[in-house]
Amino acid sequence: MQIKQTAALLALLGFVATSAFAQDAGTLKKIKDTGVISLGHRESSIPFSYYDDKQNVIGYSQDYAMKIVEAVKQKLNMPNLKVKLVPVTSQNRIPLVQNGTVDIECGSTTNNIERQQQAAFTNTIFVIGTRLMTKKDSG
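Sequential numbering from 62 applies to the sequence shown in this note's numbering.
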């Protein structure tokens, strides 16, 4: 549990440190003016974001997104900020962030140089590596 709390705090600090908070004329102003924060989420990206049996959005990334929502509520002094959940796909998630349909997308989007030219990224919340595996005695 301590690791989850520490990870959540690091994610929040990363979000707070991003340019979104520095630019009051950008996303935060839009959120404040509309009273709504729009979260992009994947519908079946287990364990990051997916629907449970009651059609609620759950998962590792969704938990992080809701921590970010709490930080935004505090930053803007808006305890009644509404959350709009917007389903996204791997094809439309970046365009929807770019055009403002979603304010943030917290998911399994790989942070690479090409995507950094299209959207801003906070601190990494998940790291994965791929390796080949063979039999130990295969030589």
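All C-beta atoms in this analysis are idealised placements derived from N, C-alpha and C, irrespective of residue type, glycine included.
{"Asked": "Among H102, F187, L100, G96, which has the Cα closest to the Cα of N141?", "Found": "G96"}
{"Asked": "Is it buried or exposed for F182, if we count other Cβ within 10 angstroms and need 16 for buried?", "Found": "exposed"}
{"Asked": "T88: buried (16+ other C-beta within 10 angstroms of its C-beta) or exposed?", "Found": "buried"}
{"Asked": "In chain order, what residues of the same chain have a beta carbon less than 8 Å from the beta carbon of Q159, not counting five sequence neighbours either side?", "Found": "Q179, A180"}
{"Asked": "Kindly list the residues whose CB is nearer than 7 Å to the CB of E104, restricted to its own chain and excluding five residues on each side of it in sequence; keep chain order.", "Found": "Y111, Y112, P148"}
{"Asked": "Can you name, in chain order, every residue of its own chain whose Cβ lies under 7 Å from the Cβ of F109, other than the five neighbours on each side?", "Found": "R103, G120, Y121, S122, G168, S169"}
{"Asked": "Run the CB neighbour count on I174, radius 10 Å, all protein chains shown included, and call it buried at 16 or more, exposed below.", "Found": "exposed"}
{"Asked": "Find out if the Cβ-Cβ distance for the pair M139, K93 is shorter than 8 Å.", "Found": "yes"}
{"Asked": "Applying the 10 Å Cβ sphere with the 16-neighbour rule, what's the burial state of D114?", "Found": "exposed"}
{"Asked": "Residues in its own chain within less than 8 Å of K32 by CB, not counting five upstream and five downstream?", "Found": "No answer is possible for residue 32: the residues shown for the chain start at 62 and end at 200."}
{"Asked": "By Cβ distance below 7 Å, which residues in the same chain neighbour K134 in space, the five residues on each side in sequence not counted?", "Found": "P140, L142"}
{"Asked": "Can you give the beta carbon distance from V118 to L157, rounded, assuming they're within the 8 Å contact cut?", "Found": "About 16 Å separates the two Cβ atoms, so there is no contact after all."}
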